[in-house]
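In our numbering, the protein residues as written are 5 to 250. Ideal placement from N, C-alpha and C gives every residue a C-beta, glycine not left out. Below is one structure; the comments refer to it alone.
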Ligand SMILES: C[S@@+](CC[C@H](N)C(=O)[O-])C[C@H]1O[C@@H](n2cnc3c(N)ncnc32)[C@H](O)[C@@H]1O
């Protein structure tokens, strides 16, 4: 896995520096999730961020809810190094744990979380892995706990799917040309375009961008035992999918 793109320090540093330029709705999706968390200011609730990368969403949660604790779960040493630096000011409230989302990461949690969140990570899992992960989330949450996945989702129609991928690739090129995206991330972004536009329609395996529709994934949520499932927000290639543990 050491050559996996998200394990390379340059890609982790580049993404951390430029995610809000590369991803046109990066902050908006974080805000949708933050504004929906069922946590009060004095709640010592546990929040888990799956594929939490360099800890940017975790930092926003910890700042917004001063008694909350956040565990960032990620498989990438490179990203977790950045997350540890970012979260060290929160002391014991911010924990970084290295694990694959395909692992039994929930076993190491100190208690059942009030919320499990994720952004731009779960689409790297193949359909069977996503279904297993959603079952782990449904089983692991505390009663009334919520799950939010703010992620890349494909439209059902192939032509529309290709068109949204092309529009995102054009956006990435504009951002690279503007100088807002460090050069160390350029080859990763061109790789995204090659896989999702140049090789459109080829089979995907775990670790690729295994995009599935919002509808399919809400079906997985329901099968996993989550209720009140909904698309909280959706635009272009992105959606925030939510569900509640009864
Ligand atoms: C595009 S980055 C997003 C990081 C962060 N969630 C954000 O929005 O800034 C994708 C992250 O998902 C993590 N990731 C991808 N596949 C994973 C897996 N199977 N298990 C754990 N983490 C994974 C990567 O290591 C990386 O940190």
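Are residue 233 and residue 211 close, meaning C-beta to C-beta below 8 angstroms? no
Among 116, 129, 158, 57, nearest to residue 205 - alpha-carbon criterion: Answer by Cα proximity: 158.
From the DSSP output, in three-state form, read off residue 201 for me. helix
Of the choices 203, 54, 197, whose alpha-carbon is the least far from that of residue 107? 54
Along the alpha helix (DSSP H) that carries residue 174, what are the first and last residues, could you check? 162–182
What separation, rounded to the nearest whole angstrom, lies between the Cα atoms of residue 186 and residue 175? 15 angstroms
So is the beta-carbon of residue 191 under 7 angstroms away from any non-hydrogen atom of ligand 1? Relative to ligand 1, residue 191 has its C-beta separated by 7 angstroms or more from all heavy atoms.
Same chain only: Cβ atoms within 8 angstroms of residue 222, ignoring 5 sequence neighbours per side: 233, 234, 235, 245, 247
Residue 149 versus residue 230: straight-line alpha-carbon distance, rounded: Spanning the two alpha carbons is a distance of roughly 10 angstroms.
Restricting to Cα atoms, I'd like to know which of 173, 203, 151 is closest to residue 37. 151
Is residue 183 near ligand 1, judged by its Cβ being under 7 angstroms from some heavy atom? No, since every heavy atom of ligand 1 falls outside the 7 angstroms radius drawn around the Cβ of residue 183.
Residue range of the unbroken alpha helix (DSSP H) whose run includes residue 32: 30–40
CA nearest to the CA of residue 21, picked from 184, 201, 104: Considering only alpha carbons, the answer is 184.
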